[in-house]
């Protein structure tokens, strides 16, 4: 097995030697002339992937175990654990003696999410990214100096962004890709190697850095044999390897040895293989113990949402849709073999630490269920707090119903919305706030009881459909107007408070065929003391109907086929002699379907205490019942 | 006490209950200014008056002339009995607001909103957030579905429990209104308490109305409350009362017989009925029902209270008419 790489500092550190920052001009010119490359390398990647989801572990000694119990062995560890004497390959029993050590199982899901994060970080700088390994990425930095500044600044920004995304990475910039990769594996923090100084800068590194990133066991064995050979020769670092005669190495180690020497000299040259990752933003967490309450779930969701939003922000994108997928335990198998199911797990009302299921099981049942929720947002958003609150409200309304084993959270990317509205448009609710408000209102009145409505194309009474309320998606009157057309005059409304802009617009648009109206004539705003005579419309008020839901069942006395007297047991006021009526207005429809309807409508007047009350009386021709459908008000 | 400008007035039983100025108010202010603790205090009567709030059209010219429009950042209450035009005024205000491209919200306490009436009143339905608060067991979307099971179950619900349901709906409406006001950005938020029993509406705590008034203050939102009787009390900046024409059944019938063509304001009518009346041998009672149409309502509006700076222009009463909308 390969020995560990040289000790590195976890925190970001810039190697501020004289070659990096202090002489940027000449070195940058030399680097730029030589097509610079950058490498992002995350040391101890499996441990870092777990620390990314649990940032509090960064301050503790932590080891990652792999294998099936009880044969678990240490697979990766952070620097604190290394200092505590833990080494890869130790068994779980051995490392459990260390009391301050935190043990975690290896999670491929979290490693995949961390790798996707690393790709997002790299893609936010350069479109040409090579996916060299799960912990290593190579970037082509050619032409980026005019966009992001000098190369050391780019390298620092890369390290900072990776740190913001939860990964402490080494970044190295060099004139060729392999040198950048070797430097990133050998030096912690940010390293900038000018062209021509590769051999000098890499010379002090141990030979291990040449064999990093090998995952194939055969290759590992070959690398170990080669490393052992070089050690026997007394070669301890890259400078010693680079100083060996090339022909002698070729004779003894073959082309593999020559390639290693070229790497040690920093003299390799190869073409980058760009990788175009799909735009998939997904985070996943595999839980060691099933989650039963919503409160701890919210903490995990918050972390995942923060990471998702950071990844989306790195790509200058926003989320249009959030998909939450929970893998649940459907049941437990008791010792007697009986499978018991849960009654009301994840009940938000339960106090913490209290079990929510009724069956007492001993080991998990193999059958697992999936629970999925999708939040479709009216506009692209990028606010983790809003997302978390929306998810909390949604989960409160639709609890999963069983303990949670895995959490998958993905976002559908979209371009961020243009938040700047028109200068002359009235204010409207902020989409983020409105979504939260709608979610809270849905929790109060019900999901189908809030929104905007859409009338259906039918004469059936009460034919409408509730929709999600999204005023931000509406187009305004001026949108889509072809201002270039001169044949049709258009009007332009300017608020009264913007007199200079108003005058300017008047001068701009005071051309034949165009006119500028006073805003008060159009907007309907009334100044105190001078109510506009053009805004109100005395004949515009429509007699509104107030619908009784459900309609009031009524007993009607007929005379000559006309209603003469009604009695409504539900409302005392709605009864008595009909003093006036108009009708019937007969309508029917959908008779070719099961839910056909046919009815006669009457407008009736009853004497009431304050005066005359007007109602709409309906005779359902199919059932023969009479109803008061509403009142005119 | 003899040299003081304040004297202690005595009640009928000889107990003192107030200090009243003996001389004019100027002497009182001078006397108060001599007291060191009260030197920097400005009497309430001399406070600077607030700037008049911006008003917007209610959609009805007569109402705008009467009250100067609906004030932004204030609570406006419109009360009146059934069939008094409250909902017509509400729809007109919402229509005017949505036509100004403002976003409106309607908190429908009793789930009585009629979408077809709103569409006829030119309400932009996509800009209207409709919150149906009624906690009714009937959740059907069609008329025919209501007549069987839901009505039976509703009939089994005792009156007391129904009142509790009404209170639950009012509580929902208050919570929803609170959320909407906190959200901000709405041009008009309307609370429809029109069918809430008066007893229940009066039980709404005054603190809720105070909170609403404070929340809507300094915002461009118009908070409009529709109710049977005033329930916001002093929290309402403007209190408007609507009522229909008071026609008794007898006079109404007489007016039908005598002046079918032109006399009735409140209800009615016409169309082909005039042709029937042109025949001297035909009486009004023989007019077929389908020849009569309900044309609209005649509404009287009266300002009962206003805390705005601007007083009504001409009078505190106005009248307007509504018109029916026809399908097709």
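Protein chains in written order, with the working numbering: chain A, 49 to 681; chain B, 4 to 331. Note that the Cβ used here is the ideal one computed from N, Cα and C, for glycine as well.
What three-state label does DSSP hand residue i in the structure shown?
i: residue 303 of chain A; result: helix
i: residue 640 of chain A; result: coil
i: residue 655 of chain A; result: strand
i: residue 31 of chain B; result: helix
i: residue 116 of chain A; result: coil
i: residue 303 of chain B; result: strand
i: residue 623 of chain A; result: coil
i: residue 237 of chain B; result: helix
i: residue 232 of chain B; result: coil
i: residue 424 of chain A; result: strand
i: residue 103 of chain B; result: coil
i: residue 207 of chain B; result: coil
i: residue 323 of chain A; result: coil
i: residue 438 of chain A; result: helix
i: residue 450 of chain A; result: coil
i: residue 618 of chain A; result: coil
i: residue 309 of chain A; result: helix
i: residue 134 of chain A; result: coil
i: residue 679 of chain A; result: strand
Can you have a look at residue i and say buried or exposed, based on whether 16 or more other CB atoms are within 10 angstroms of its CB?
i: residue 667 of chain A; result: buried
i: residue 674 of chain A; result: buried
i: residue 178 of chain A; result: buried
i: residue 71 of chain A; result: Any reading at residue 71 of chain A needs caution, since the residue's pLDDT is 40, under 50, leaving its predicted position unreliable; the model's value is listed next. Exposed, by the Cβ-count rule.
i: residue 195 of chain A; result: exposed
i: residue 36 of chain B; result: exposed
i: residue 103 of chain A; result: exposed
i: residue 455 of chain A; result: buried
i: residue 364 of chain A; result: exposed
i: residue 483 of chain A; result: buried
i: residue 681 of chain A; result: buried
i: residue 194 of chain B; result: buried
i: residue 560 of chain A; result: Its pLDDT being 38, under 50, residue 560 of chain A is placed unreliably by the model, and nothing is read from it.
i: residue 128 of chain A; result: buried
Where does the unbroken alpha helix (DSSP H) through residue i begin, and where does it stop?
i: residue 487 of chain A; result: 479-493
i: residue 671 of chain A; result: Taken as a continuous stretch (DSSP letters only), residue 671 of chain A belongs to no alpha helix (DSSP H), as it is neither H nor E.
i: residue 357 of chain A; result: 342-362
i: residue 116 of chain B; result: Careful: residue 116 of chain B lies outside any alpha helix (DSSP H) and carries neither H nor E.
What is the residue span of the beta strand (DSSP E) that residue i lies within?
i: residue 201 of chain A; result: First-last for residue 201 of chain A: 199-212, but that is the alpha helix (DSSP H), not the beta strand (DSSP E).
i: residue 601 of chain A; result: 593-607
i: residue 68 of chain B; result: That residue, residue 68 of chain B, is in no beta strand (DSSP E); its alpha helix (DSSP H) goes 64-70.
i: residue 514 of chain A; result: 512-515
i: residue 377 of chain A; result: 366-377
i: residue 499 of chain A; result: 498-503
i: residue 153 of chain A; result: 149-153
i: residue 163 of chain A; result: Where residue 163 of chain A is concerned, there is no enclosing beta strand (DSSP E), although the alpha helix (DSSP H) it sits in stretches over 156-171.
i: residue 131 of chain B; result: 131-135
i: residue 98 of chain A; result: Premise fails: residue 98 of chain A lies in the alpha helix (DSSP H), 93-101, not in any beta strand (DSSP E).
Flag this pair as yes or no: are the beta carbons of residue i and residue j separated by less than 7 Å?
i: residue 222 of chain A; j: residue 159 of chain A; result: no
i: residue 234 of chain A; j: residue 287 of chain A; result: no
i: residue 74 of chain B; j: residue 58 of chain B; result: yes
i: residue 228 of chain B; j: residue 80 of chain B; result: yes
i: residue 180 of chain B; j: residue 106 of chain B; result: no
i: residue 18 of chain A; j: residue 150 of chain A; result: This structure cannot settle anything about residue 18 of chain A, because the visible part of chain A is limited to 49 through 681.
i: residue 112 of chain B; j: residue 196 of chain B; result: yes
i: residue 71 of chain B; j: residue 222 of chain B; result: no
i: residue 315 of chain A; j: residue 228 of chain A; result: no
i: residue 369 of chain A; j: residue 352 of chain A; result: no
i: residue 188 of chain A; j: residue 174 of chain A; result: yes
i: residue 6 of chain A; j: residue 374 of chain A; result: For chain A, the structure presents residues 49 to 681; residue 6 of chain A sits outside this window and is missing.
Check the C-beta distance from residue i over to residue j and give it rounded, since I have them as a contact under 8 Å.
i: residue 247 of chain B; j: residue 652 of chain A; result: The Cβ separation is near 15 Å, so there is no contact.
i: residue 459 of chain A; j: residue 329 of chain A; result: 4 Å
i: residue 190 of chain B; j: residue 225 of chain B; result: 7 Å
i: residue 258 of chain A; j: residue 225 of chain A; result: Wrong, their Cβ atoms sit about 14 Å apart, outside the cutoff.
Does the beta carbon of residue i fall short of 6 Å from some heavy atom of the ligand ATP?
i: residue 123 of chain B; result: Within the structure as shown, the ligand ATP is missing, as the structure has no ligands at all.
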